[in-house]
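If you read the sequences in order, they're chains A and B. Following our numbering, the residues of the first sequence are numbered contiguously, the last one being 165. Following our numbering, the residues of the second sequence are numbered contiguously, the last one being 713. Just so you know, even glycine gets a beta-carbon here, dropped at the ideal spot from N, CA and C. All figures in this text were calculated on a predicted structure; none of them were measured in a lab. Report on the structure given below.
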Amino acid sequence: MTHVVTDNCRGCRYTDCVASCPVACFHVNEVRVYIDPAVCIDCSACIPACPVHAIVEEFDLADDQQHWIRINAEAAQRYPVIRARLPPLDGADARRQQLGL
Amino acid sequence: MSTHSSETLVVRGACPQDCPDTCAFLYHVEDGKLVEVTGDPDHPMTRGGLCVKLKNFAEHHYNPDRLLYPMKRVGPKGSGMFERISWDEALATIKSKWTDIIAQYGTQAIMPHAYLGHQGTLNGLTAGDAFFNRLGSTVAEKTYCESGSSTAWIMTVGPTGGMDVESLAVSKYIIVWGMNMLNTNLHGWPFVLKAKAAGAKIVVIDPVRTRTAKQADWHIRIKPGTDAALALGMMNVIISEDLYDHDYVEKYTLGFDQLKARAAEFPPERVSDITGIPVVDILTLAREYAGTQRSAIRQGVAVERSPGGGDAVRAITCLPALTGAWRYPGGGTIEMPIWEFPFKFDFMCRPDWIPPGTRVINELDLGAALTGAMPLDPPIKSLFVYNSNPVSQAPGAGTIVEGLQREDLFTVCSELFITDTAKYADILLPATMQAEQLDIMVTWGHLYMHLNQPAIAPPGECVPNVELFRRLAKTMGFTDEHWDLDDWEMLRRCYDWDAPVMKGITLETLKEKGWMRLDVGLPDERTPHATGDFKTPSGKCEFASSLAAGGNFVVPVWRSGYEAMQPGTPVDPVPNYIPSVETMMPDGASAFPINLVSPKPHAFLNTQYANEPTQQRRQGEQIIVIHPIDAGPRSIEQGSYVRVFNDRGAFEARAEVSEDVSPGLMMTNVGHWPGLNRSGTAVNSTTSTRHCNLGQAGTYSDNRVDVQRV
Ligand code: SF4
Ligand code: SF4
Ligand code: SF4
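Have a look at this one:
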């Protein structure tokens, strides 16, 4: 099992999640982060840290979110590990408001 | 206590589990109900997160299967048929049974059985010691885990805390030896990552390519049970290439010449044959380890789980004194820092009450003790189980079940649930969970003291262990002052609050803050053995142990404080490589060709939480990991159901075919409840009850089996 970062992360990239992860399993690209399922230890420490509720435990994914398991696994191979917080992207707050969070 | 919002009360607590992280809890309570348990974000280890195992900890308190009232058995033994009774009836039954047994067989016909199902000062490992010592029962040696390492550590460096896990952050070379930290010490891992980000090399020594091994810079696959040979091989290289710290060795160690002679017996070629590690890797490891200062070794308990495991821990523990690693912050070795805490074991265990000459029975020999395979006079006529679940966790489960079925055995279990062991009880007593009781948590993985304060009322008629033993003492007519002390007074007497490490720590400050660090120096500066100061008889790191003269022993904390009746079997003063019995059998000498190791599960804490559906989903069913070379000829494919067996027993599991294990090696996990498995059995039906060479520890990793598709 694992945890996955879903669509809410896109365009925000609040990286509070990264600071809470004990095993450095987040990977980052220009717009968002992904979790490496081979490293994630399922502790859920990142879930409450994310201000836009982007992170979901695999078993809690809705049917229409299942594809995020594969997307996270593949993207984690492609993008570098992120170990420390980054400033949120421009427009992150706007997106957060748009999501109603 | 503080008020979080208008409705939520936040109470400080700490994790009760046998895990080195001892996390700082925040209990969130609404209308008297525990709604959530979170990690304290301000605690340097916990850092706001718990772990997968404790994810549904609040709900666990409300599990509908919880044992809430005393019960008596109404069906055949093991049928799980019980009927509610009152505490008065339960206690009266125990008294009358025990009184008869004592009259006929004496007090030693009663045997307690406990381990670390709870890790509190009042309710944990030693909760029943004072009571059973007062009763004069057989002394039970509780050596499920860590006892071999404890003896080895004390023989080599004495009861010192050693290195602080937080000091790993400033290490430059870290060897994680026999531990899957990501699964079982996850709050220690951020310090490893910090060191790595600052350029440290991370090496993992493990027979299995674990999650942790995958994260390391270098994974060294070692054959189970051969760690002593590797450590001695490293010493061989370090000494012959003159990479050791002459000054440190001369001033702060004892027995270098003897160690040198022993290491000379372990040239890299021989070590390679034994361990399965290429010669070049042995050379590189030794040179890098000795050549990089600020080197640290994080020892895991896996090292002790073989017949020569005790000497392996001794050999590994010698390494940082040989290279002088102790001189530097971030240098040395971590085994368990528990020895830093100023416990008053004499009060906690009351060994002064043990009648002289009382016998000792090791808990891992429970099956033989109950069935009569071990000749005993008097026989065991009553067993009292708390904080433990031997049918799942002890080796040789089949014999234990056979013993528990004895009609003339009176078994009492204090439990949270009707476990595979509790099923065989005559009387069941309901125990509290962590949010319902007061305690100071014992920790073996960091240097903080934690107070766990009750956040909710106990349900039904559950009582904490400390109260259980008070009630039993009164029932048995004991009138000592000990049984009139309340929990706070007991806590006050369990620690030496005036010890230097307790500077600033009082029960009052703990009440307010929840946790406090011992005054032992800061992690990035601390060098406990820069100038020796080992807690051995010589004050030095003893390569040649002076305690060896007394023979093998179990550290008294694992045996109710009892000093007498130690095993006393001869021990070589200098650590040696003692081959495993089953693993190292030449091919063809055993009918069972594969070695099986059984580390801890990911989503359960030993057996705890393994009855929670959410955790079962996270952990998955019982699996074995098997190499394609072993799977192929047996027609075992990914997902096939298999039967794992030897002459001791069998269990069924789903196969995962993977090169994470080597050919000839399989891995499964301990912790699944046998009764919830397909076969009604689990891995300990196959393990042997042989003991490790030191401290009577279990040898779960020395287990030859075969496997077939079902
Ligand atoms: S905190 Fe949430 S939104 Fe921000 S990077 Fe992490 S997952 Fe994405
Ligand atoms: S669940 Fe834990 S390990 Fe997994 S990504 Fe979140 S914080 Fe990291
Ligand atoms: S089991 Fe260990 S890691 Fe998990 S909450 Fe308890 S102490 Fe922390």
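Assigned exposure category for residue i - 16 Cβ within 10 Å defines buried
i, result
"arginine 149 of chain A", "exposed"
"lysine 145 of chain B", "buried"
"asparagine 93 of chain A", "exposed"
"isoleucine 632 of chain B", "exposed"
"serine 5 of chain B", "Residue placement at serine 5 of chain B cannot be trusted, given a pLDDT of 47 that sits under 50; what the coordinates show is reported in the next sentence. The residue is exposed, with fewer than 16 neighbouring Cβ atoms inside 10 Å."
"methionine 184 of chain B", "buried"
"glutamine 622 of chain B", "buried"
"lysine 477 of chain B", "exposed"
"histidine 249 of chain B", "exposed"
"glycine 542 of chain B", "exposed"
"lysine 36 of chain B", "exposed"
"aspartate 43 of chain B", "buried"
"methionine 84 of chain B", "exposed"
"proline 666 of chain B", "exposed"
"alanine 305 of chain B", "buried"
"valine 283 of chain B", "exposed"
"arginine 712 of chain B", "exposed"
C-beta atoms of residue i and residue j nearer than 9 Å
i, j, result
"leucine 369 of chain B", "isoleucine 403 of chain B", "yes"
"valine 274 of chain B", "glycine 236 of chain B", "yes"
"proline 162 of chain B", "lysine 516 of chain B", "no"
"alanine 216 of chain B", "serine 174 of chain B", "no"
"histidine 453 of chain B", "proline 340 of chain B", "no"
"valine 211 of chain B", "methionine 670 of chain B", "yes"
"tyrosine 580 of chain B", "alanine 231 of chain B", "yes"
"valine 628 of chain B", "serine 661 of chain B", "yes"
"tyrosine 1 of chain B", "isoleucine 88 of chain B", "Not covered by the structure: residue 1 of chain B. The range shown for chain B is 4 to 713."
"aspartate 709 of chain B", "proline 596 of chain B", "yes"
"valine 466 of chain B", "threonine 424 of chain B", "no"
"leucine 171 of chain B", "alanine 299 of chain B", "yes"
"threonine 336 of chain B", "leucine 325 of chain B", "no"
"serine 140 of chain B", "tryptophan 561 of chain B", "no"
"threonine 129 of chain B", "glycine 564 of chain B", "yes"
"arginine 495 of chain B", "tyrosine 451 of chain B", "no"
"aspartate 106 of chain A", "methionine 65 of chain A", "yes"
"threonine 2 of chain B", "phenylalanine 546 of chain B", "This structure gives no information on residue 2 of chain B, because the portion of chain B shown stretches from 4 to 713."
"asparagine 126 of chain B", "aspartate 487 of chain B", "no"
"threonine 610 of chain B", "tryptophan 676 of chain B", "yes"
"glutamate 149 of chain B", "glutamate 307 of chain B", "yes"
"histidine 630 of chain B", "glutamine 437 of chain B", "no"
"valine 116 of chain A", "leucine 153 of chain A", "no"
"threonine 187 of chain B", "glycine 303 of chain B", "yes"
"alanine 533 of chain B", "tyrosine 247 of chain B", "no"
"glutamate 343 of chain B", "threonine 374 of chain B", "no"
Inter-residue CB distance, residue i and residue j (contact presumed, cutoff 8 Å)
i, j, result
"alanine 118 of chain A", "aspartate 80 of chain A", "About 10 Å; that fails the 8 Å criterion."
"isoleucine 223 of chain B", "glycine 181 of chain B", "That pair is no contact at about 11 Å."
"tyrosine 703 of chain B", "glutamate 366 of chain B", "About 14 Å; that fails the 8 Å criterion."
"asparagine 136 of chain B", "arginine 353 of chain B", "5 Å"
"proline 310 of chain B", "asparagine 696 of chain B", "6 Å"
"proline 578 of chain B", "alanine 318 of chain B", "4 Å"
"isoleucine 242 of chain B", "alanine 219 of chain B", "Not quite, the Cβ-Cβ distance comes to about 26 Å (not below 8 Å), so this is no contact."
"threonine 414 of chain B", "alanine 428 of chain B", "5 Å"
8 Å Cβ cut-off: residues of chain B touching residue i
i, result
"arginine 147 of chain A", "Leu196, Ala200"
Partner residues on chain B for residue i, Cβ-Cβ distance less than 7 Å
i, result
"alanine 102 of chain A", "Lys217"
Chain A contact residues for residue i, given Cβ-Cβ distances below 9 Å
i, result
"lysine 58 of chain B", "Asp106, Cys107, Ser108, Glu121"
"asparagine 186 of chain B", "Ile105"
Under 8 Å by beta carbon: chain A residues contacting residue i
i, result
"leucine 189 of chain B", "Pro86, Val87, Ile105, Cys107"
Proximity test, residue i beta-carbon vs ligand 4 heavy atom, cut-off 8 Å
i, result
"lysine 603 of chain B", "In the structure shown, ligand 4 is absent; the only ligands present are ligand 1, ligand 2 and ligand 3."
Per-residue contacts from residue i into chain A (C-beta, under 7 Å)
i, result
"valine 55 of chain B", "Ile105, Asp106, Cys107"
"arginine 621 of chain B", "Met65, Asp106"
"glycine 52 of chain B", "Ser84, Pro86, Cys107, Ala109"
"proline 578 of chain B", "Going along chain A, no residue has its Cβ under 7 Å from proline 578 of chain B, so there is no contact; the nearest lies around 33 Å."
"proline 193 of chain B", "Pro86"
### Message
Along the segment 218 to 239 of chain B, where does the CB come closer than 9 Å to a CB of chain A? Name the residues.
### Response
Gln218
#### Entry: Residues within the segment 117 to 130 of chain A neighbouring chain B, beta-carbon criterion of under 7 Å
Phe123
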